[in-house]
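Some notes on the structure that comes next.
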Amino acid sequence: MEALKDALREKFGSRLVPLEGAKDMEGYQVPADLLLPLCRFLAGESPVRFEQLTDVTAVDEFPREPRFRLVYHLLSLSSNRRLRLQVLLGGGDPRIDSVTSIWAGANWLEREAWDMFGIRFEGHPDLKRILMPLDYAHFPLRKDFPLRGIDPGRHYREWDRGRKA
1 MEALKDALRE KFGSRLVPLE GAKDMEGYQV PADLLLPLCR FLAGESPVRF
51 EQLTDVTAVD EFPREPRFRL VYHLLSLSSN RRLRLQVLLG GGDPRIDSVT
101 SIWAGANWLE REAWDMFGIR FEGHPDLKRI LMPLDYAHFP LRKDFPLRGI
151 DPGRHYREWD RGRKA
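First residue of the sequence shown? That's 1 in the working numbering, and the numbers climb one at a time after it.
Next comes the structure, spelled out in structure tokens:
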């Protein structure tokens with residue numbers, strides 16, 4: 001991984017900050033505007049090619065700002081290496097570039113982060129809800145979501161009516 005570290009340092013300089021304390025894999029804190037160029041580099045030009053995106057998830061750190069931590073896990077099939085990227089996003093209107101143009105598998109992962117946390121992925125080919133009803137107005141994994149939930153209203157009644165039919 002030394003060749004990768006050197007290549008990242010040369011191409012992106014001090015804008016990538018190594019993650020401290022992670023023992024399971026290497027990782028970097030990435031500025032939001034650098035995510036897409038970095039991922040393009042990692043997938044196609046770096047000495048260790050990361051052919052697969054295995055996960056995208058989010059953490060709501062409310063009331064702290066920046067509120068959201070996006071976590072990307074990458075896998076190099078050719079060298080059996082893993083890499084973690086973390087991006088911090090503010091809580092007001094969280095947006096970041098989609099990586100679906102690099103890894104098609106990001107499609108559903110980004111949709112889930114949108115659905116549960118309300119993080120917009122700019123350039124996503126079909127950013128819509130994947131788990132919640134399409135017209136659901138809330139983001140259930142946010143820390144400010146009510147602990148007892150929100151009255152499901154007509155969605156539950158329609159489901160219950162169909163279940164009893």
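The beta carbon of each residue, even a glycine, is placed where N, CA and C say it ideally should be.
- Your pair S78 and R111 does not check out as a contact, with CB atoms roughly 28 Å apart and the cut at 8 Å.
- According to the DSSP secondary-structure assignment, L85 is paired through a beta bridge with Y28, Y72.
- Around the beta carbon of A113, 16 or more other beta carbons sit within 10 angstroms, so the residue counts as buried.
- Rounded to whole angstroms, the Cβ separation of D144 and R129 is 19 Å, and the two are not in contact under 8 Å.
- In the structure shown, P63 adopts coil according to DSSP, grouped into three states.
- With respect to L89, R67 sits close: the two C-beta atoms are nearer than 9 Å.
- By the 16-neighbour rule on beta-carbons within 10 angstroms, D60 is buried.
- When the Cα atoms are used, L16 and Q86 turn out to be separated by approximately 10 Å.
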